[in-house]
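The structure under discussion appears below in the form of structure tokens.
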């Protein structure tokens, strides 16, 4: 990074809206959400989520002595990676029309720089969104798209 000028993100604009009355019947209110992605090469994807994005490895699921799935953890969020059995063909498209939006309070400029330092390109460098958040985008080895937003 040496001589590169560090970009400082501006403070997010705070918008307050009045809380509406709860719906009747009561609507679903979730506390977390986990995604499950079918990947071509489970070991490669696990290494990418761990070494490039910074997830930790959670549970592993085995079948007939082979690892078939791995839980990747980041804070309270999980991404489940499952090995594609190739029943629908080895060349089927993954990630088309799908994007994960994830939020962090960490500095995304630092996170994005770390991803680039590890040799992985960003789809979009950190920048302000039209609604005032700061975000960057990256795609995993199978083409699943991830947008990281700083809260």
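In this note's numbering, the protein residues as written are 64 to 214. Think of the CB as a built atom: it goes at the ideal place given N, C-alpha and C, for glycine as much as any other residue.
| Query | Result |
| --- | --- |
| Could you give the DSSP three-state label for residue 194: helix, strand or coil? | coil |
| Taking residue 107 as the reference, which of 132, 96, 200 has the closest Cα? | 132 |
| Using alpha carbons as the reference points, say which of 197, 115, 150, 120 lies closest to residue 171. | 197 |
| Determine the DSSP secondary structure at residue 111, reduced to helix, strand or coil. | helix |
| For the alpha helix (DSSP H) containing residue 179, list its first residue and its last residue. | 171-180 |
| At a cut-off of 7 Å, is residue 195 close to the ligand PLP when judged by its beta-carbon and the heavy atoms of the ligand? | Among the components modelled here there is no ligand, and therefore nothing to report on the ligand PLP. |
| Would residue 175 and residue 185 be called neighbours here (beta carbons separated by less than 8 Å)? | yes |
| Determine contact between the segment 133-152 and the segment 96-105, defined as no fewer than three beta-carbon pairs at a distance below 8 Å. | yes |
| Tell me the DSSP bridge mates of residue 98? | 142 |
| Could you tell me the alpha carbon to alpha carbon distance between residue 140 and residue 153, rounded to whole angstroms? | 29 Å |
| Throw me the rounded Cβ distance for the residue 143 and residue 118 pair, which I believe falls under 8 Å. | That belief does not hold up - the Cβ atoms of residue 143 and residue 118 are roughly 11 Å apart, past 8 Å. |
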